[in-house]
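Chemist: For the protein sequence lines, the chains are A and B, in the order given.
Quick note on full-length UniProt numbering: the first sequence kicks off at 1 and runs consecutively.
Quick note on full-length UniProt numbering: the second sequence kicks off at 1 and runs consecutively.
The beta carbon of each residue, even a glycine, is placed where N, CA and C say it ideally should be.
Please see the structure below; I have some questions.
Protein chains: 2
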Amino acid sequence: MSVSVKDVAAAAAVSVGTVSNVLNRPDKVAPATVARVQAAIDRLGFVRNDAARQLRAGRSRSIGLVVLDSANPFFAEVARGAEERAAREGMAVLLGNSDQTPSRERAYLELFREQRVNGVLLTPTDLEASAVRRLADSGIPLVIVDGELPGGGVPSVAVDDVQGGMLAVAHLLEQGRRRIAYIGGPHSIRQVADRLEGARRALAGVPEATLEVIELDALTVLHGRDAGEEIARRSAADRPDAVFCANDLLAVGVLQGTAILGEVRVPDDLALIGYDDIDFAQSAVVPLSSVRQPARAIGAAAVELLLEALDSEGAAIRHVRFQPELVVRASTGP
Amino acid sequence: MSVSVKDVAAAAAVSVGTVSNVLNRPDKVAPATVARVQAAIDRLGFVRNDAARQLRAGRSRSIGLVVLDSANPFFAEVARGAEERAAREGMAVLLGNSDQTPSRERAYLELFREQRVNGVLLTPTDLEASAVRRLADSGIPLVIVDGELPGGGVPSVAVDDVQGGMLAVAHLLEQGRRRIAYIGGPHSIRQVADRLEGARRALAGVPEATLEVIELDALTVLHGRDAGEEIARRSAADRPDAVFCANDLLAVGVLQGTAILGEVRVPDDLALIGYDDIDFAQSAVVPLSSVRQPARAIGAAAVELLLEALDSEGAAIRHVRFQPELVVRASTGP
DNA sequence: ATCCAGCCGTGAATCGTTTCAAACTGTAAT
DNA sequence: ATTACAGTTTGAAACGATTCACGGCTGGAT
């Protein structure tokens, strides 16, 4: 059915070993032979069978990536960064979406092991889970994306979420806001918890400022909208004068929720800042202030660390940590 | 290094053939033996090597999917639908992003052939391209997603974009709008051209209505914003009273563009309708009317067709065609 | 002449799983 | 006792690319 090296070898009147050499080390073969084999390859339409190559080589040319939520543009960007970096290495990225569900995460990791992927990039549903630890110990190279495994020993790419939270709230305070609300959740997600911690620290220096924490079940536009409506319905006295959302989807939702009632204006009555700086943030009708994370660079760096781990078996474990960046737009404008 | 069936066989004191049967046809093996082998598998931590299985079976457990733009939420949903359907079959989806570039598309298709994927789901950058035809003839099952290959012979999943265009513009006409603008581009993209054709047909029955066609280079929020600003700057007399955008990203952009100048109000001065009904459409500050495409169902159906093609080699070629659905929200409200 | 070193090319062994004809078991029918 | 038969299990062949020890050849040095 399919054309194999054997067919090519016969057509070019050489041995299979030579065909393989043409494919993998053309410099070891006489130019005339290379040409002849190449011609046969083209003529027969030969395509290398990766399964066989993998079987012999013991590993594949692909990388597994499991993200928390593929519908979130932030993770879409991370995936893109990883994909681009991997492509330069001739590798493909297999994308899995755990939807924050440990069982789905486990299913993907199992699949990736069967596929003998070169390594796995993981945004864990739960950093404490022993499953992650076990995976790390199981011999298949692992890089933690957007987090760091307590206890170390596993390379990771992270952004300083505490710092990001500080930036956001410090900015709100600078704008003269004093009654801050933090909307996010669930707090079991490390990113959510860290950003809150950052908010607390920023507030530490301003005694008269207050922080209200509103915990939601998920970080979606709809959840944000509900929260926004609730805030808009309050009396002016009970209402915060600034809201820091754990991500931009929430912030967009809050924007809508407050707009529906038409009473509360952003930014005059309520300053609003999100997190991630997704493409849509600048496109919102009130352009959204946000804390930018270099999503694409994160993905690329994760692949980079994986490549390092592959090259130098068990060498130094690197941790890359990016700094978040405040992006000020109209939603917190003066 | 890695545990193989041979190791398991030795540990369970059976032959490798029996281990394989336990893995693939447990019913053909005596229950006691199954238990013993299973125990050995668990104890040794055996993980099936997919490369070897593939090599023997001649095909893999994965499906390739190449989309035009993974940053577009519509395609993200399609991918998700495909992924979910494939997962039920124990298959994985390899996602490639062509970014509307034929060369990137080609690179992914080549990769997928090397990986001996079970089949390819493709949103072609160019339906006319002979490369697509060649792929279809090369023995690897192909399903066209969101399109149909002229000349037939390839299963496909499509949505009737002409019908969608008609729905959108007919709705605008019903609202009493007469000076319609269509914003989209490039027209070489089939979807863009078909939606325009639909718009023209809807207008055919209303002689006094006019259609202005504004062609852009890409379907992004930023392109839409520029177009929106341009429209907002016109005098009321030169301005359309309704805009139909080739997708929701554009429509969101137009919404912003017009809002910036503050002169033109949606929907009073300008009715606005988009296409795709992405999640954000209902979340826009002026909730966006749109034409819904069942993105997830499209992805699932594509996998379905692929499975059929795999089961019944060369049986009837099916074409699934979904009907688009008008979703009316405030942006075209009375 | 003889030897050596480089270069090329060879082909059998190998990876781990699946498949399948054949062998083996125990039971039932003759 | 013999045969039939279904239910199990076996073990070797096969999938296709890669690897590597080895042999043939050429040309230059001795």
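1) Ordered along the chain, which non-local residues of its own chain (more than five positions away) have a Cβ less than 6 Å from that of leucine 216 of chain A?
2) Are the beta-carbon atoms belonging to arginine 116 of chain A and alanine 284 of chain B less than 8 Å from one another?
3) Going by DSSP, what residues sit across from asparagine 97 of chain A in a beta bridge?
4) Under 9 Å Cβ-Cβ, which residues of chain B neighbour serine 289 of chain A?
5) So what's tyrosine 275 of chain A in DSSP terms, helix, strand or just coil?
6) 8 Å is my cut-off, CB to CB: does valine 67 of chain A come that close to chain B?
7) Is there at least one Cβ from chain A nearer than 8 Å to asparagine 21 of chain B's Cβ?
8) Which residue from A:Tyr108, A:Met91, A:Pro73, A:Asp248 puts its Cα closest to that of serine 98 of chain A?
9) Following the continuous alpha helix (DSSP H) through serine 20 of chain B, name the residue where it begins and the one where it ends.
10) Give me the chain A residues within the contact set of asparagine 97 of chain B, using Cβ-Cβ distance strictly less than 8 Å, ordered along the chain.
11) Going by beta carbon distance, what residues of the same chain come within less than 7 Å of leucine 44 of chain A, once the five residues before and after it are set aside?
12) Would you tell me roughly how many angstroms separate the C-alpha atoms of residue 335 of chain A and valine 169 of chain A, rounded to the nearest one?
13) Closer than 8 Å is the cut-off here; do at least three beta carbon pairs connect the region 280-296 of chain A with the region 57-70 of chain A?
14) Could you tell me which of A:Val162, A:Ala204, A:Val192 sits nearest to arginine 178 of chain A, measuring between CA atoms?
15) Decide if glycine 274 of chain A is buried, meaning its Cβ has at least 16 other Cβ atoms within 10 Å, or exposed.
16) Between which two residues does the alpha helix (DSSP H) harbouring alanine 184 of chain B extend?
17) I'd like to know if valine 264 of chain B contacts chain A, where contact means its C-beta is closer than 8 Å to some C-beta of that chain.
18) Going straight from the alpha carbon of arginine 25 of chain B to that of leucine 307 of chain B, what length do you get?
19) Pick from A:Arg200, A:Ile231, A:Leu270: whose alpha carbon is nearest that of glycine 164 of chain A?
20) Here's the rule: buried if 16 or more other CB atoms are within 10 angstroms of the residue's CB, otherwise exposed. What is histidine 171 of chain A?
21) Is it the case that the Cβ atoms of glycine 96 of chain B and alanine 295 of chain B are separated by a distance below 8 Å?
22) Looking at the C-beta of glutamine 54 of chain B, does it have a partner C-beta in chain A at a distance below 8 Å?
23) Can you name the residues of chain A whose CB is closer than 8 Å to the CB of leucine 255 of chain B?
24) Once you ignore the five residues that flank aspartate 160 of chain A on each side, which residues in its own chain have a CB closer than 7 Å to its CB?
25) Who are the near neighbours of alanine 136 of chain B in its chain, counting only those whose CB is closer than 6 Å to its CB and skipping five residues on each side?
26) What residues in the region 104-124 of chain B bring their beta carbon closer than 7 Å to a beta carbon of chain A?
27) What residues of chain B sit near asparagine 24 of chain A, judged by a beta carbon separation below 7 Å?
28) For chain A, check one thing: does any of its Cβ atoms lie closer than 8 Å to the Cβ of valine 243 of chain B?
29) Going by the beta-carbon positions, is the gap between isoleucine 298 of chain B and aspartate 146 of chain B smaller than 8 Å?
30) Just checking my contact of isoleucine 180 of chain A with phenylalanine 244 of chain A at CB under 8 Å: how many whole Å lie between their CB atoms?
31) Determine whether the beta carbon atoms of residue 340 of chain A and glycine 176 of chain A lie at a separation below 8 Å.
32) Could you confirm whether any beta carbon from chain B is found closer than 8 Å to the beta carbon of leucine 306 of chain A?
33) With distance defined between alpha-carbon atoms, name the residue in A:Leu122, A:Ile183, A:Tyr182 nearest to serine 156 of chain A.
34) Can you give me the Cβ contacts of arginine 195 of chain B inside the same chain, cut-off strictly under 7 Å, excluding the 5 residues immediately before and after it?
35) Against serine 60 of chain B, what residues of chain A qualify as contacts under a CB-to-CB distance less than 9 Å, listed in chain order?
36) Hey, how far is the Cα of residue 339 of chain B from the Cα of alanine 236 of chain B?
Modeler: Quick look at the numbers:
1) Position 216 of the first sequence, counted from the first residue, corresponds to residue 216 of chain A. Only Gly185, His223 meet the Cβ criterion.
2) By one-based count along the first sequence, residue 116 of chain A stands at place 116. By one-based count along the second sequence, residue 284 of chain B stands at place 284. Taking 8 Å as the Cβ cut-off, arginine 116 of chain A and alanine 284 of chain B do not qualify as a contacting pair.
3) Stepping through the first sequence from its first residue, residue 97 of chain A is reached at position 97. Asparagine 97 of chain A is bridged to A:Val67.
4) Locating residue 289 of chain A in the first sequence gives position 289, where the first residue counts as 1. Contacts between serine 289 of chain A and chain B, judged by CB atoms closer than 9 Å, are missing: the closest CB pair is about 16 Å apart.
5) Looking up residue 275 of chain A in the first sequence gives position 275. Coil at tyrosine 275 of chain A, not helix or strand.
6) Residue 67 of chain A sits at position 67 when you count from the first residue of the first sequence. Cβ-Cβ to chain B under 8 Å: no for valine 67 of chain A.
7) Taking the first residue of the second sequence as position 1, residue 21 of chain B is located at position 21. Chain A, which has no Cβ nearer than 8 Å to the Cβ of asparagine 21 of chain B, makes this no.
8) The residue given as residue 98 of chain A occupies position 98 in the first sequence. That would be A:Tyr108, whose Cα lies nearest to the Cα of serine 98 of chain A.
9) For the purposes of this step, residue 20 of chain B is taken as the residue at position 20 of the second sequence. Here the alpha helix (DSSP H) through serine 20 of chain B covers 16-24.
10) Along the second sequence, read from residue 1 onward, the residue named residue 97 of chain B stands at position 97. Near asparagine 97 of chain B (Cβ distances below 8 Å), the residues of chain A are Arg80, Glu83.
11) As a first step, residue 44 of chain A is located in the first sequence; it is residue number 44 there, counting from the start. For leucine 44 of chain A, where only same-chain residues beyond five positions count, the Cβ hits under 7 Å are Val3, Asp7, Val8, Ala11.
12) Residue numbering for chain A in the displayed model covers 1 to 334; residue 335 of chain A lies beyond these limits and cannot be assessed.
13) no
14) As a position in the first sequence, residue 178 of chain A is number 178, starting the count at 1. The option with the nearest alpha carbon to arginine 178 of chain A is A:Ala204.
15) The count along the first sequence starts at 1 and reaches residue 274 of chain A at position 274. Flag for glycine 274 of chain A reads buried.
16) Looking up residue 184 of chain B in the second sequence gives position 184. This sequence places glycine at residue 184 of chain B; alanine is not what is there. Glycine 184 of chain B -> not in any alpha helix (DSSP H); beta strand (DSSP E) instead, spanning 179-184.
17) If you number the second sequence from 1, residue 264 of chain B lands on position 264. No - not a single Cβ of chain A is within 8 Å of the one on valine 264 of chain B.
18) Here the question's residue 25 of chain B lines up with position 25 in the second sequence. Here the question's residue 307 of chain B lines up with position 307 in the second sequence. Approximately 21 Å, taken between the alpha carbons.
19) Within the first sequence, numbered from 1, the residue matching residue 164 of chain A stands at position 164. Nearest option by C-alpha distance: A:Arg200.
20) Counting from one through the first sequence, the residue named residue 171 of chain A turns up at place 171. By the 10 Å Cβ count, histidine 171 of chain A comes out buried.
21) What you label residue 96 of chain B is simply residue 96 of the second sequence in a count that begins at 1. What you label residue 295 of chain B is simply residue 295 of the second sequence in a count that begins at 1. Going by C-beta atoms, glycine 96 of chain B is not nearer than 8 Å to alanine 295 of chain B.
22) Position 54 of the second sequence, counted from the start, is the residue given in the question as residue 54 of chain B. Yes, glutamine 54 of chain B counts as interfacial toward chain A.
23) As a first step, residue 255 of chain B must be located in the second sequence, where it is residue number 255. The contacting residues are Val285.
24) In the first sequence, counting from the first residue as 1, residue 160 of chain A sits at position 160. Once the five neighbours on either side are set aside, the close Cβ partners of aspartate 160 of chain A are Arg321, Gln323, Pro324.
25) Here the question's residue 136 of chain B lines up with position 136 in the second sequence. Excluding residues within five positions, the ones whose Cβ falls inside 6 Å are Leu142, Val154.
26) Leu111, Arg113, Glu114, Gln115, Arg116
27) Taking the first residue of the first sequence as 1, we reach residue 24 of chain A at position 24. Simply none; closest approach about 14 Å.
28) As a position in the second sequence, residue 243 of chain B is number 243, starting the count at 1. Taking a beta-carbon distance threshold of 8 Å, valine 243 of chain B does not count as an interface residue toward chain A.
29) Within the second sequence, the letter at position 298 stands for residue 298 of chain B. Within the second sequence, the letter at position 146 stands for residue 146 of chain B. Taking 8 Å as the Cβ cut-off, isoleucine 298 of chain B and aspartate 146 of chain B qualify as a contacting pair.
30) Against the first sequence, residue 180 of chain A aligns to sequence position 180. Against the first sequence, residue 244 of chain A aligns to sequence position 244. The pair is a contact, with the Cβ atoms about 6 Å apart (cut-off 8 Å).
31) In the structure as shown, chain A begins at 1 and stops at 334. Residue 340 of chain A is therefore absent and cannot be evaluated.
32) Looking up residue 306 of chain A in the first sequence gives position 306. So no, leucine 306 of chain A is outside the interface.
33) The sequence position of residue 156 of chain A within the first sequence is 156, counting from 1. Of the candidates A:Leu122, A:Ile183, A:Tyr182, the one whose C-alpha sits nearest the C-alpha of serine 156 of chain A is A:Leu122.
34) On the second sequence, position 195 is the one that residue 195 of chain B refers to. Around arginine 195 of chain B, the same chain offers Asp161, Gly164, Gly165, Gly184, Ala246, Tyr275 as residues with beta carbons nearer than 7 Å, after the five sequence neighbours per side are excluded.
35) Here residue 60 of chain B refers to the residue found at position 60 when the second sequence is read from its first residue. By Cβ distance, chain A contributes Asp50, Ala51, Gln115.
36) This structure leaves residue 339 of chain B out entirely; chain B is present only between 1 and 334.
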